[in-house]
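Going line by line, the protein sequences match chains W and E. The first sequence runs 1 to 497 under our numbering. The second sequence runs 1001 to 1328 under our numbering. Report on one structure; see the data block that follows.
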Amino acid sequence: MAEPVARLQMRGVSKAFGATLALDAVDLAVNRGEVCALVGQNGAGKSTLMAILAGATKPDAGSMRLDGTPYAPRDPLAARHAGVAMIHQELSLAPHLTVMENIVLGVEPTRGPLGIVDRDRMRQTAAGALAELGHADIAPDATVSTLSPAAQQLVEIARAFAIGCRVLVLDEPTSCLTHADVRTLFDLINRLKAQQIAVVYISHFIEEVKQISDRVVVLRDGRQAGEGRTREMPSEAIVSLMVGRSVEDLYPRRQRRSGDAILAVDALQPGDATFALHRGEVLGIAGLVGAGRTRLLRTIFGLAPVRGGRIRVAAFTGPAPPHARWQQGVGLLSEDRAGEGLARSLSVGDNITLSHLAPFGSRGLVFPSRQRAAATRWIERLDIRCADARQAVAELSGGNQQKVAVGRLLHHDVDVLILDEPTKGIDVASKAEIYRLIDEMVGAGKAVLLVSSYFPELLGVCDRIAVMARGRLGPPRDVAEWNEHSLLMEASGARAS
Amino acid sequence: MERALVVDGSVGRPRVVATRRRLLDETGVLIGLAVVLGLFGALIGPQFFRAANLELVARQTVIVCVAALGMTMVIVSGGIDLSVGSVVALSTVVTAVLLREHGPAVAAIGALASGAACGLVNGLLITQLRVVPFIVTLGTMLLVRGAAKGLADERRIEAPITWLNTLLRTVRDGSGVLLPTGIWITVALAILVALVLRYTRFGRHLFAIGSSERTARLCGVRIDRTRAAVYTIAGAFAALAGVMEFSKLSVGDPTVSIGLELDVIAAVIIGGGSLAGGKGSVTGTIAGAAIMAVIQIGCSQQGLPNWVQQIVTGSIIVGAVALDRLRS
């Protein structure tokens, strides 16, 4: 028994939902002080595996051990007490409570038989946990909603520490963080490693996985598709394992011919933007979260007020509300898929066709059969996985939901596609599908205005890129003149332009 | 074939769930109606199902039904209209006032116009001042009630007898074909509203606004215009309910129908409408109104006191919504 016992050992874990086998005898072992990246596409089984680990779901078969002792949590609270903590993409903090109240939530220290909360001990526990993370700078008395997303995430991690943490699961922890915050988070993860904590790191970003993890485990279709030391696995190999095929042509690019300027803005406020978007090209807008890119797109589309400058769409000059923009042949894909992009309780068919019901009957009539037929065509064309056009869109996976949102622009047959973070939070195969569609659209003479925080994507898809920093848009330049480094320099304002 | 590698956990199970839920939506409230009918049929005996008795149920529910048709559209769009009862009262007063100098057709049209105007005011206040519908219509509930009392000088207004008074008279008195005319009007309007909700752009836009206003805006739905229209229509429907109320009372009464809006909202909610918007159907609403009328008439024919009837109706409202929560 000289072999050290793994901190976390999951063996032969299986789970079926109805006829779908979500997990098929998956093994996962994480040692003390090791960062294990768990990657896979949406639906590969990552969330189910982690839900089992966190006690939210019971496995059908398989066993789990923590430091060699059998571990079978009854519920998430039991898992927390056993030292398994999960930090989700969407934070689960009570925004109106203070930092320390959040940290001890559910395990408040009390005094006396009446269970009166002991605020002094509460503060000590909270401050201790924050100090352990190296972030004594966060005040225990601050209200959580006043903190930045990065600080909120730290509070959530501190909560895991207050109760004693052996295994920390981070699910897409960087999706709402800026570059600087990501670096801080990685420093923290390295410190956790030194404290012998086992970290499971889930991410869509291969670059991050390469940077932070010691080992990579790839899930595909509910099975372990492969694993290895991160150092010995090139990014291409990881992606190939995730997709089950090679992804050399992730960014297809046919010969592009740029035509007339179809969208032109001149000194547009807010955003201080001047550019012309031509038919047959993809113009990218790079920048960090909060740089004002979304607001610029919304101003162009009429969802936010124009404060100055000029907009021209084809022959139409001046600001216009969204319904007029659609009539002019402009469509917007919202970055907020759940809150704005899709009406979640409506069906797939309704969501695809909502902006353009005119073809389904004259004089304001809509014949559902024609509507459904049109929607079904897009469902097939875009390979949207759903029962039928009548299924509620909320029941689809993220990638399929996004295809529904993109399907709306295609159904409307717009000439200008304004895409705000079109691949946010979706799996690699759906991403590839969306890149292919963008290429097809510009090939057909349409124009695409693309906002993305993911630089490789912009460099892969765009013809020209402009960078937005601190609410100002720089001049667009040919994609050949950019690389990830220069984009980041410009976006973070490191270089004055 | 390569794409088939992407396993999507959301395919297998939800298909079954979705179909089952759709079935429940459509039939749940109808089953409820059948249960209530069966219950009172068993308690009272076969005479409960005699044509005359069923006609009584229909006449009893028709006023709530007409107002609830407008309310269904409002609730589908994610709104609410608390001014319904007041608009009904105003409509009876306007009808009576106009009848003194004009014919019944002018009186009815004038009443409908007054209701539509109230609805338009609701819609404009909601869309232009950006105040939530609950507050706006809470205000106009008092405003319109006050206006009705002022117009009637706080008295009941006598009016000459015309054909308007026969709208809800039972067929045994020789009015209407098979059923009273008012019931036929309601049936026609119910079919019309059901068709509008399902087969028109306006109807689809109501569902979209109720489901997610931001999405509707993004998709170019003219939200303000649609909203103003739906409140105007709801106002006109409430006024038509008022004309029917007048037909029953044969006077204009500014104090009538206090609290009617709650019965109307209850009918929509029992029928599967959601106050969060995006859900609701005409079939459900009519069945919801019928359930309440059956309970009311059944209880009184069984000799049960009013308080029993209120407890039963209250339980059904809470039960219907709880059931709705369970299945979603």
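Quick reminder that beta carbons are idealized off the backbone N, C-alpha and C, glycines included.
Residue of the options minimising C-alpha distance to residue i
i                       : options                           : result
residue 474 of chain W  : W:400, W:370, W:173 and W:293     : W:293
residue 941 of chain E  : E:1278, E:1123 and E:1229         : Absent from the model: residue 941 of chain E. The displayed extent of chain E is 1001 to 1328, so no value can be given.
residue 269 of chain W  : W:278, W:422 and W:298            : W:298
residue 214 of chain W  : W:201, W:220 and W:311            : W:201
residue 1186 of chain E : E:1206, E:1140 and E:1240         : E:1240
residue 228 of chain W  : W:222, W:236 and W:218            : W:218
residue 1134 of chain E : E:1310, E:1060 and E:1261         : E:1261
residue 170 of chain W  : W:203, W:196, W:146 and W:462     : W:203
residue 285 of chain W  : W:78, W:458, W:359 and W:151      : W:458
residue 221 of chain W  : W:433, W:463 and W:14             : W:14
residue 132 of chain W  : W:281, W:142, W:309 and W:187     : W:187
residue 166 of chain W  : W:172, W:173 and W:158            : W:158
residue 1036 of chain E : E:1325, E:1087, E:1313 and E:1321 : E:1313
residue 100 of chain W  : W:69, W:71, W:147 and W:77        : W:147
residue 407 of chain W  : W:378, W:428 and W:318            : W:378
residue 1046 of chain E : E:1204, E:1302 and E:1119         : E:1302
residue 1300 of chain E : E:1210, E:1053 and E:1031         : E:1053
residue 162 of chain W  : W:191, W:181 and W:121            : W:121
residue 499 of chain W  : W:117, W:182, W:206 and W:6       : Because chain W is modelled from 1 through 497, residue 499 of chain W falls outside the range shown and cannot be assessed.
heavy atom of the ligand COA below 7 Å from residue i C-beta
i                       : result
residue 1274 of chain E : Because no ligand of any kind appears in the structure shown, any question about the ligand COA cannot be addressed here.
According to DSSP, residues forming a beta bridge with residue i
i                       : result
residue 266 of chain W  : W:310
residue 1064 of chain E : DSSP output for residue 1064 of chain E lists no bridge partner at all.
residue 478 of chain W  : W:464
residue 201 of chain W  : W:37 and W:170
residue 392 of chain W  : W:347
residue 283 of chain W  : W:449 and W:464
residue 15 of chain W   : W:23
residue 10 of chain W   : W:28 and W:64
residue 111 of chain W  : W:116
residue 98 of chain W   : W:143
residue 278 of chain W  : W:261
residue 1295 of chain E : Note: residue 1295 of chain E sits in no beta bridge, so no partner.
residue 1157 of chain E : E:1252
residue 219 of chain W  : W:224
residue 317 of chain W  : W:312
residue 1056 of chain E : The partner list for residue 1056 of chain E (beta bridge, DSSP) is empty, contrary to what the question assumes.
residue 473 of chain W  : W:468
Cβ pair count under 8 Å reaching 3, the stretch 1263-1276 of chain E against the stretch 1154-1173 of chain E: No: fewer than three Cβ pairs fall under 8 Å.
What alpha helix (DSSP H) runs, 4 residues minimum, are completely inside the stretch 1074-1145 of chain E? Entirely contained in the stretch 1074-1145 of chain E, the alpha helix (DSSP H) runs reaching 4 residues are, in chain order, 1084-1099 and 1104-1129.
Which ranges does the alpha helix (DSSP H) cover as unbroken runs of at least 4 residues, wholly within the stretch 1188-1214 of chain E, from first to last along the chain? Segments of the alpha helix (DSSP H) lying fully in the stretch 1188-1214 of chain E: 1201-1211.
Taking Cβ-Cβ distances below 9 Å as the criterion, which residues of the stretch 58-90 of chain W are in contact with chain E? Of all residues in the stretch 58-90 of chain W, none has a Cβ within less than 9 Å of some Cβ in chain E.
Could you list the residues in the stretch 1211-1233 of chain E with a C-beta less than 8 Å from some C-beta on chain W, going in chain order? For the stretch 1211-1233 of chain E, the residues whose beta carbon sits under 8 Å from a beta carbon of chain W are, in order, 1211, 1212, 1214, 1215, 1216, 1217, 1218, 1219, 1220, 1221 and 1222.
Between the stretch 1106-1116 of chain E and the stretch 1218-1227 of chain E, are three or more C-beta pairs nearer than 8 Å? Output reads no: the stretch 1218-1227 of chain E does not touch the stretch 1106-1116 of chain E.
What residues in the stretch 377-388 of chain W bring their beta carbon closer than 7 Å to a beta carbon of chain E? Taking 7 Å as the cut-off between beta carbons, the residues of the stretch 377-388 of chain W near chain E are 383, 385 and 387, in sequence order.
Closer than 9 Å between beta carbons: that is the criterion. Which residues of the stretch 1269-1292 of chain E meet it against chain W? Residues passing the 9 Å Cβ filter: 1274, 1276, 1277, 1278 and 1279.
Contact between the stretch 1300-1309 of chain E and the stretch 1222-1238 of chain E (3+ Cβ pairs under 8 Å): A contact between stretches requires three or more CB pairs, one per stretch, nearer than 8 Å, and the stretch 1300-1309 of chain E fails this requirement with the stretch 1222-1238 of chain E.
My parser needs the beta strand (DSSP E) runs of 3 or more residues fully inside the stretch 118-195 of chain W; what are they? Those beta strand (DSSP E) runs which fall completely within the stretch 118-195 of chain W and span 3+ residues are 167-171.
Closer than 8 Å is the cut-off here; do at least three beta carbon pairs connect the stretch 205-212 of chain W with the stretch 393-408 of chain W? Contact between the stretch 205-212 of chain W and the stretch 393-408 of chain W is absent, because fewer than three Cβ pairs lie under 8 Å.
Residue ranges of each beta strand (DSSP E) run of no fewer than 3 residues wholly in the stretch 25-89 of chain W, ordered along the chain? Counting whole runs of 3 or more residues, the stretch 25-89 of chain W contains the beta strand (DSSP E) stretches 35-39, 61-66 and 84-87.
Can you list, in chain order, the residues of the stretch 457-482 of chain W whose Cβ is nearer than 7 Å to any Cβ on chain E? If the cut-off is 7 Å between Cβ atoms, the stretch 457-482 of chain W has nothing near chain E.
Touch test, the stretch 23-38 of chain W against the stretch 82-92 of chain W, Cβ-Cβ under 8 Å, three pairs minimum: No: the two stretches stay apart, fewer than three of their Cβ pairs being nearer than 8 Å.
Does the stretch 443-456 of chain W come into contact with the stretch 405-424 of chain W, if we say contact requires no fewer than three beta-carbon pairs (one atom in each stretch) closer than 8 Å? Between the stretch 443-456 of chain W and the stretch 405-424 of chain W there are three or more C-beta pairs closer than 8 Å, enough to call the two in contact.
Could you say if the stretch 97-110 of chain W and the stretch 190-197 of chain W meet the contact criterion of at least three C-beta pairs nearer than 8 Å? Not touching, per the Cβ criterion.
Beta strand (DSSP E) runs contained entirely in the stretch 324-382 of chain W, provided each spans 3 or more residues: At a cut-off of 3 residues, the continuous stretches assigned as beta strand (DSSP E) that sit fully inside the stretch 324-382 of chain W are 330-333.
Per the contact definition of three or more C-beta pairs closer than 8 Å, is the stretch 1238-1255 of chain E in contact with the stretch 1052-1070 of chain E? Touching, per the Cβ criterion.
Residues of the stretch 1200-1211 of chain E with a CB closer than 7 Å to any CB of chain W: list them in chain order, please. So the close ones are 1200, 1201, 1202, 1204, 1207, 1208 and 1211.
Do the stretch 1188-1206 of chain E and the stretch 1280-1289 of chain E touch if we need at least three Cβ pairs shorter than 8 Å? In the pairwise beta carbon analysis, the stretch 1188-1206 of chain E is classified as touching the stretch 1280-1289 of chain E: at least three pairs are separated by under 8 Å.
Say whether the stretch 379-392 of chain W touches the stretch 318-336 of chain W, bearing in mind that this needs 3 or more beta-carbon pairs closer than 8 Å, one atom from each stretch. With a cut-off of 8 Å, the stretch 318-336 of chain W and the stretch 379-392 of chain W do not count as touching, because too few Cβ pairs lie within range.
Between the stretch 234-242 of chain W and the stretch 267-282 of chain W, can you find at least three pairs of beta-carbon atoms closer than 8 Å? Touching, no, given that fewer than three Cβ pairs across the two stretches are closer than 8 Å.
Runs of beta strand (DSSP E) lying entirely within the stretch 409-434 of chain W, each at least 3 residues, in chain order: Counting only runs of 3 or more, we get 416-420.
Using 8 Å as the Cβ pair cut-off and three pairs as the minimum, do the stretch 310-326 of chain W and the stretch 485-494 of chain W touch? Taking 8 Å as the limit for Cβ pairs, the verdict is that the stretch 485-494 of chain W does not touch the stretch 310-326 of chain W.
Near-chain W residues of the stretch 1036-1062 of chain E (beta-carbon distance less than 7 Å), N- to C-terminal order: Per Cβ criterion, the list is empty.
Give, in chain order, every residue of the stretch 1129-1156 of chain E whose Cβ lies closer than 7 Å to some Cβ of chain W. Result list empty, no residue passes.
How about the stretch 1287-1296 of chain E and the stretch 1044-1064 of chain E: do they share at least three Cβ pairs that are nearer than 8 Å? Using a C-beta cut-off of 8 Å, the stretch 1287-1296 of chain E makes contact with the stretch 1044-1064 of chain E, since at least three inter-stretch Cβ pairs fall below that distance.
Three CB pairs or more closer than 8 Å across the stretch 122-142 of chain W and the stretch 62-71 of chain W: The stretch 122-142 of chain W and the stretch 62-71 of chain W do not touch, with fewer than 3 CB-CB distances between them shorter than 8 Å.
Give the residues from the stretch 1181-1201 of chain E that approach chain W closer than 8 Å (Cβ to any Cβ), ordered along the chain. Within the stretch 1181-1201 of chain E, contact with chain W at the beta-carbon level (separation under 8 Å) is assigned to 1198, 1199, 1200 and 1201.
To be precise: take each residue of the stretch 306-324 of chain W, compare its Cβ to all Cβ atoms of chain E, and keep it if any distance is under 9 Å. Which residues remain? Residues passing the 9 Å Cβ filter: 321, 322, 323 and 324.
Relative to chain E, which residues along the stretch 277-298 of chain W have a C-beta separation below 9 Å, given in chain order? Contact residues of the stretch 277-298 of chain W toward chain E are absent (C-beta to C-beta distance below 9 Å).
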